[in-house]
Amino acid sequence: MEVVKKPKKGPDSASSCEKGSCCKVEAVISVDERGQMVLPKEIREKADIHTGDKLALVSWEKDGKVCCFTFIKANEFGDMVKGLLGPMMKEVMANDSSRSHGGN
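Mind the numbering: the sequence shown is residues 5 to 108 in our numbering, read in order.
Below, the structure is given as structure tokens:
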């Protein structure tokens, strides 16, 4: 396991958190013999997660191995993807349109 040191705070340090939000370890959970995990009640309440809610499981790989997971509420995931890809798609469409009309 690799330990990553957090950069010192200062005017030149970068943060991975948006203003007003941040990531933190909320709990350590176990996986049972069937591969199931239980989210602690306090976390479910804090995140407003209820029976039947769908969560998108996003993984992050480093050096060919999955090292991190993030759960995102499925109904918020679609909006998140649109927010990230929307501006990019507009640019792609604009570039494609200019090419088809004699532009670069």
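Every residue, glycine too, gets a C-beta built ideally from N, C-alpha and C. Note that the coordinates shown come from a computational prediction; the quantities given were computed from them, not determined experimentally.
- Per DSSP, the continuous alpha helix (DSSP H) segment holding Glu-46 begins and ends at 45-50.
- The beta carbons of Ser-63 and Phe-75 sit no closer together than 7 Å.
- Proximity to Glu-30 across Lys-94, Ala-78, Glu-49 and Gly-39 peaks at Glu-49, based on C-alpha coordinates.
- Secondary structure note for Ile-76: its beta strand (DSSP E) is the uninterrupted segment 69-77.
- Under the DSSP assignment, Ser-63 falls in the beta strand (DSSP E) whose first and last residues are 59-66.
- Looking at the backbone, the Cα of Leu-61 and that of Val-42 are separated by about 14 Å.
- Beta-carbon to beta-carbon, Lys-77 and Asp-57 are separated by about 7 Å, close enough to satisfy the 8 Å threshold.
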